[in-house]
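In my numbering, the protein residues as written are 299 to 639.
For each residue, glycine too, the CB sits at the ideal point set by N, CA and C.
Worksheet: one structure, shown below.
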């Protein structure tokens, strides 16, 4: 009964299920939220003593896949060795370079991470590296992998070669209708893993399933990472700086260099983050909503795959607004007292 009361509580305050995007701002695949009538149904059920329904209609228990959630992969690649995780209660971001071994170009329609340590992998980002720079960076350190930082990605030229991300609980999207990511022969999969804090030493050894298109792709998916540098920010003096004891909202603008159809977006920020809004303005003045998150939660970030592709002509301006709270009022602020960020 305590569990039933908790279910009622977390659904009423919309803490569960975890869906952070503003409902009806835009439509996405795999939307994960309850309607007011569904929330009320759960509440009424608990208040009536949580009676069992018709046992004849009870669905079978779920069967959780061990090798893949989406089918038989065409290629599985893995860590060369386990990565030790220090039990020092701190977050760790680390790059790993996984050779694909591809002898010819392939069209990638899905990428699925299978974390070896599900309690420690907070999320992971992926890039295709055709330059060998990531492997060279790894060779500079004696241990497996190397410490993560933005500088390495910028130097290697891989920033805009990002592939679909991994967050716990999100089933990988399988591209269709002739869409795919181009994977090149001899390329490496560059993985940035965020490991959550651990109070005890442990380790992780993850693997990655790659699914290729059965027929040649006709449209290749590109990505752009809108980082707050290089003139992207149009307010706050153009500087990504959050003074201690202040809140700030940054406004970034990206101009589409070509006609394209937007299929996915992933707002990303860390523990000072408070809110997001992203929309596009077409050359004809039409405004297209993309995503809005009123209450950012670092523990429930997600990739939002649009229900329908959004055609954005060349010259369309994508506007991103990101809010931050660097005060003691932010209970997630890692610094007390707050520090300039």
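Simplified DSSP assignment, three categories, for residue i
i, result
"residue 319", "strand"
"residue 311", "coil"
"residue 596", "helix"
"residue 481", "strand"
"residue 460", "strand"
"residue 304", "helix"
"residue 343", "helix"
"residue 353", "helix"
"residue 550", "strand"
"residue 422", "strand"
"residue 578", "strand"
"residue 511", "coil"
"residue 363", "coil"
"residue 417", "coil"
"residue 335", "helix"
"residue 403", "coil"
"residue 584", "coil"
"residue 436", "helix"
Contact belief for residue i with residue j at Cβ below 8 angstroms, rounded distance in angstroms
i, j, result
"residue 407", "residue 473", "4 angstroms"
"residue 405", "residue 510", "6 angstroms"
"residue 432", "residue 395", "5 angstroms"
"residue 518", "residue 478", "6 angstroms"
"residue 340", "residue 311", "Residue 340 to residue 311, Cβ: 12 angstroms. No contact."
"residue 636", "residue 626", "6 angstroms"
"residue 415", "residue 309", "Not really, about 30 angstroms apart at Cβ, beyond 8 angstroms."
"residue 469", "residue 531", "No, residue 469 and residue 531 are not in contact; Cβ-Cβ is about 34 angstroms, not under 8 angstroms."
"residue 571", "residue 618", "Actually they do not touch by this definition, with Cβ atoms about 12 angstroms apart."
"residue 497", "residue 389", "Residue 497 to residue 389, Cβ: 13 angstroms. No contact."
Check: residue i C-beta below 7 angstroms from any heavy atom of the ligand MN
i, result
"residue 459", "In the structure shown, the ligand MN is absent, as is every other ligand, since no ligand is present at all."
Neighbourhood of residue i by C-beta, 7 angstroms cutoff - its chain only, sequence neighbours within 5 removed
i, result
"residue 523", "457, 458, 460"
"residue 331", "315, 317, 321"
"residue 302", "344, 348"
"residue 372", "508, 509, 510"
Beta-bridge pairing of residue i - partner residues as DSSP gives them
i, result
"residue 623", "545"
"residue 608", "560"
"residue 539", "Bridge partners of residue 539: none, in fact."
"residue 617", "551, 577"
"residue 410", "507"
"residue 486", "397, 427"
"residue 390", "493"
Nonlocal neighbours in the same chain, by C-beta distance under 8 angstroms from residue i, ignoring five residues either side
i, result
"residue 463", "421, 422, 423, 424, 564, 601"
"residue 427", "395, 433, 454, 456, 459, 485, 486, 487, 488"
"residue 375", "396, 397, 398, 399, 487, 505, 506, 508"
Cutoff 6 angstroms; reference residue i; Cβ partners in own chain excluding five residues on either side
i, result
"residue 325", "605"
"residue 552", "524, 616"
"residue 614", "554, 578, 580"
"residue 323", "587, 590"
Handout entry: Three CB pairs or more closer than 8 angstroms across the region 576 to 591 and the region 527 to 546
Key = Short answer: they don't touch.
Practice task
Kindly confirm or deny that the region 495 to 515 and the region 404 to 423 touch, where touching means at least three C-beta pairs closer than 8 angstroms.
Solution key: Touching, yes, given that three or more Cβ pairs across the two stretches are closer than 8 angstroms.
Problem - Cβ pair count under 8 angstroms reaching 3, the region 570 to 577 against the region 393 to 408 - result: Judged by pairs of C-beta atoms under 8 angstroms, the region 570 to 577 does not touch the region 393 to 408, as fewer than three such pairs exist.
Practice task
Decide if the region 556 to 572 is in contact with the region 586 to 602; the criterion is three or more beta carbon pairs, one per stretch, under 8 angstroms apart.
Solution key: Yes: at least three Cβ pairs fall under 8 angstroms.
Practice task
Answer yes if the region 539 to 547 comes into contact with the region 581 to 596, meaning at least three C-beta pairs across the two stretches below 8 angstroms, and no otherwise.
Solution key: Segments in contact, no.
Practice task
Count the C-beta pairs between the region 385 to 394 and the region 350 to 368 that are closer than 8 angstroms, then say yes if the count reaches three, no if not.
Solution key: These segments do not touch.
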